[in-house]
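K.L.:
Residues in the sequence shown are numbered consecutively from 0, following numbering that gives the first Met the number 0.
From the three backbone atoms N, C-alpha and C, an ideal C-beta is built for every residue, glycine too.
To start, I am sharing the structure in question, which I have written as structure tokens.
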Amino acid sequence: MTIRPCRRCLLQDMPDQAALAASLRELIALIPEEDRAPTALVRRRLDACRACAHLRQGTCGLCGCYVEHRAERKAAFCPALPARWTEQNQEDE
Ligand code: SF4
0 MTIRPCRRCL LQDMPDQAAL AASLRELIAL IPEEDRAPTA LVRRRLDACR
50 ACAHLRQGTC GLCGCYVEHR AERKAAFCPA LPARWTEQNQ EDE
């Protein structure tokens, strides 16, 4: 039986990836406070990722990053052309 990857899920949405999601949360916790995006902005960015065809098992198919980590960094951007993180979800609150 072939297990197909979940194309539209973040790690936090996949119970079988709980250990990896926990490791990712530890990495996110290391981001300095001044470099962190506001919670609402992170949520909007991840909503855009969930709706994006490039999302593959929590990673961005264009840059290879874990989107849940990337979205937490204030200065991060979406690598798609055009970017799927629009001006609304690029800027601070
Ligand atoms: S291309 Fe942009 S919206 Fe799509 S998964 Fe990558 S970071 Fe997210």
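Could one say the Cβ of A17 lies closer than 8 Å to chain D's Cβ atoms, at least one of them?
P.N.:
The displayed structure is made up of one protein chain only, and chain D is not part of it.
K.L.:
Just verifying my parser: in three-state terms, what is the DSSP assignment at T38?
P.N.:
Taking the first residue of the sequence shown as position 1, residue 38 is located at position 39. Looking at T38 - three-state DSSP - the assignment turns out to be helix.
K.L.:
What residue does the alpha helix (DSSP H) around H68 start on, and which one ends it?
P.N.:
Here the question's residue 68 lines up with position 69 in the sequence shown. Segment V66 to R69, the alpha helix (DSSP H) holding H68.
K.L.:
Please tell me whether C95 and R83 are closer than 8 Å, where the distance is taken between their beta carbons.
P.N.:
Any property of residue 95 remains undetermined from this structure, which presents the chain solely from 0 to 92.
K.L.:
Could you check if L29 belongs to the surroundings of the ligand SF4, using beta carbon to heavy atom distance under 7 Å?
P.N.:
The residue labelled residue 29 in the question sits at position 30 within the sequence shown. No, the beta carbon of L29 sits no closer than 7 Å to any heavy atom of the ligand SF4.
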